[in-house]
Every structure is written in structure tokens, then in C-alpha cells.
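Student:
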Amino acid sequence: MTICQMTKCNIISVFPGKGRFSKNNFWVAMRNPLYCGKIFIPPYKEEKGCFVKGQHEPLISEKTFADVQDILDGRKRVVKPKIVAMDNLPLRGFIKCPNPNCNRMLTGSASKGKMGNYYYYYHCSSPAEHGSKQTRLTRLS
Numbered sequence: 001m002t003i004c005q006m007t008k009c010n011i012i013s014v015f016p017g018k019g020r021f022s023k024n025n026f027w028v029a030m031r032n033p034l035y036c037g038k039i040f041i042p043p044y045k046e047e048k049g050c051f052v053k054g055q056h057e058p059l060i061s062e063k064t065f066a067d068v069q070d071i072l073d074g075r076k077r078v079v080k081p082k083i084v085a086m087d088n089l090p091l092r093g094f095i096k097c098p099n100p101n102c103n104r105m106l107t108g109s110a111s112k113g114k115m116g117n118y119y120y121y122y123h124c125s126s127p128a129e130h131g132s133k134q135t136r137l138t139r140l141s
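Start counting the sequence shown at 1; every next residue gets the next number (the UniProt record's numbering).
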């Protein structure tokens, strides 16, 4: 049975609570290899437990399942950083850090001065301190 063929009764039987499920239930479901067509054979006597291909039709491919596991384990980046274009920082996300060991893109920020004026500058987006200086907008122009 594919997910599209599941009725409301099927969903309620799988996820108690009127078809709603908690964050923990979602996490457990994402870790379940049953969705990629695998079933677990538990250990028996001296044999070890193992996963084997089931007779059911998988809902997702093994590659998709492996990709999801990588994301859940933190081995893969989910979202690329969003670059918001600002008129005062047009080169944000296009200039690389001057530190040869870093190679990250520079981001931009603004500071408000005592007189209420804003001063825009570029700086490295790396969380590590590597000694690169902030570069004021006027020096790049």
C-alpha cells in the first residue's frame, strides 16, 4: 500500500491521536527502514540480526532514505544560507574572505553611529576567529 492509498482509518491506526503525531513519532518514522523496502530480521540463536529486502513496495528509494538519515545525523547541510540583497550591501555573498585558509563568502552588517547614521561594512561569515578584518563599504567602492 502506498501512502496515497492510505485512508484516514489507516493513518489513525498508524498514528494514534486522530491522525496527528508528535515530533518524536515523526522522528521514529523517518528512521524506519520499512519505508525504503527493508525489514529487520531479529537475531536468532547464533545468527546476527540483519535487514533484508521486504516483499512490500517501498515508498521511497534507498538513496532518499540514506539522504534523510544523513540530514538527521547532521552529516549533510539541509538549507543553503539565504542571501538577502540589501541596497547598501550589494556585494554581500559575492566577495570571498581575504584569508586564504577560509575561502568563505563575506556577509554585511551595519552599525549605528552616535549621530544616528548607519555605517555598513563587510565581514567573514565564518564563526571561527581567523583574524580577518572588517572592511568598510567605502574601501571596496
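Glycine included, C-beta positions come from ideal geometry on N, C-alpha and C.
Tell me which same chain residues have a C-beta within less than 8 angstroms of the C-beta of N103, skipping the five on either side of it?
Tutor: Counting from one through the sequence shown, the residue named residue 103 turns up at place 103. Excluding residues within five positions, the ones whose Cβ falls inside 8 angstroms are K96, C97.
Student: Just list the alpha helix (DSSP H) runs in the region 16 to 50, keeping only unbroken ones of 4 residues or longer that don't cross its boundaries, in chain order.
Tutor: Qualifying alpha helix (DSSP H) stretches, in chain order: 23 to 31.
Student: Taking all protein chains shown into account, do 16 or more other C-beta atoms lie within 10 angstroms of the C-beta of F65, making it buried, or fewer, making it exposed?
Tutor: On the sequence shown, residue 65 is found 65 positions in, with the first residue counted as 1. F65 comes out buried.
Student: Roughly how many whole angstroms lie between the Cα atoms of I71 and M115?
Tutor: Here the question's residue 71 lines up with position 71 in the sequence shown. Here the question's residue 115 lines up with position 115 in the sequence shown. Taking the straight line from one Cα to the other gives about 47 angstroms.
Student: What residues are listed by DSSP as bridge partners for A110?
Tutor: Taking the sequence shown and counting its residues from 1, one reaches residue 110 at position 110. A110 pairs with Y120.
Student: May I ask whether a heavy atom of the ligand PLP can be found less than 7 angstroms away from the beta carbon of S22?
Tutor: Annotation note on the ligand PLP: not contained in the displayed structure, which lists no ligands.
Student: Between V68 and Q55, what straight-line distance do the alpha-carbon atoms span, to the nearest angstrom?
Tutor: Numbered from 1 along the sequence shown, position 68 holds the residue referred to as residue 68. Numbered from 1 along the sequence shown, position 55 holds the residue referred to as residue 55. Cα-Cα distance, rounded: 22 angstroms.
Student: Who are the Cβ neighbours of L89 in its own chain at under 6 angstroms, not counting the five residues just before and after it?
Tutor: Position 89 of the sequence shown, counting from 1, holds the residue named residue 89. Excluding residues within five positions, the ones whose Cβ falls inside 6 angstroms are G108, Y120.
Student: Cutting at 8 angstroms between CB atoms, please list the residues of its own chain near C124, excluding the five before and the five after it.
Tutor: In the sequence shown, residue 124 corresponds to position 124, counting from 1. Excluding residues within five positions, the ones whose Cβ falls inside 8 angstroms are C97, N99, C102, R104, L106, T107, H130, S132.
Student: What residues in its chain sit with their C-beta under 6 angstroms from that of S126, if we drop five residues either side in the sequence?
Tutor: As a first step, residue 126 must be located in the sequence shown, where it is residue number 126. Cβ neighbours of S126 beyond the five flanking positions: C102, R104.
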